[in-house]
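Heads up: the structure comes next, in structure tokens.
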Amino acid sequence: MKRYRTTADRLLAGGALLTGAAYLLIFFSAFSSLPLHIPPPHQLLLLGFHTLPLFCWQLLLCRTGKAGRRFALPLLAMLLPALLFVALCGFQITAWYLAALWAAAPLLGIALGWTAWLACRRFDRRKR
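If you're matching positions, the sequence shown starts at -15 in the working numbering and goes up one per residue.
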């Protein structure tokens, strides 16, 4: 993996760290007390906010990583915890549904990162 040589790479890394820390704060504030009484806006943040850090990480990985790492690393990082969760729940239909629901936002972030990277590459080639 290359060093973060450009300002854009540093901004992406910083953005990923800041939005990831914000997501962790949202997550811990939601599950800090029992019984759970999470208001609907907080639930939406829990289900969708982690699109932003994963978008930044994926775009940074696309800009600095090799071809195999660009695609396999994020998908494996999401697939293993999802399969572990489903296996611990006994492979029930509800577990598959919950895993798909929780994985939708990260997959969207990864897809947006790939799309942005490919669009920038195509724009740079046309510019030449």
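Each residue gets a CB set at the ideal place from its N, CA and C atoms; glycine is no exception.
**Prompt:** First and last residue of the alpha helix (DSSP H) that includes Gly190?
**Reply:** Absent from the structure is residue 190, since the part of the chain shown begins at -15 and ends at 112.
**Asked** What separation, rounded to the nearest whole angstrom, lies between the Cα atoms of Thr(-10) and His21?
**Response** Going from the Cα of Thr(-10) to the Cα of His21 covers about 44 Å.
**Option in Ala88, Leu102 and Leu43 with minimal Cα separation from Gly32** = Out of Ala88, Leu102 and Leu43, Ala88 has the C-alpha closest to the C-alpha of Gly32.
**Prompt:** By Cβ distance, which residues of its chain are closer than 7 Å to Gln42, with the 5 residues on each side in sequence left out?
**Reply:** Excluding residues within five positions, the ones whose Cβ falls inside 7 Å are Pro58, Gly93, Ile94, Gly97 and Trp98.
**Message:** Judging by CA-CA distance, which residue of Tyr7, Pro25, Arg110 and Ala79 is the nearest neighbour of Pro90?
**Reply:** Among Tyr7, Pro25, Arg110 and Ala79, the Cα nearest to that of Pro90 is on Tyr7.
**Item:** Assigned secondary structure, Cys40 (DSSP; H/G/I helix, E/B strand, else coil)
**Value:** Cys40: helix per DSSP, three-state reduction.
**Message:** I'd like to know whether the C-beta atoms of Leu38 and Ile10 end up nearer to each other than 8 Å.
**Reply:** When the beta-carbon positions are compared, Leu38 and Ile10 stay at least 8 Å from each other.
**Message:** Using 8 Å as the threshold, is the C-beta distance between Asp(-7) and Leu44 below it?
**Reply:** Contact flag set, yes.
**Item:** Buried or exposed by the 16-neighbour rule on C-beta atoms within 10 Å, applied to Ala83
**Value:** Buried, because 16 or more other Cβ atoms sit within 10 Å of the Cβ of Ala83.
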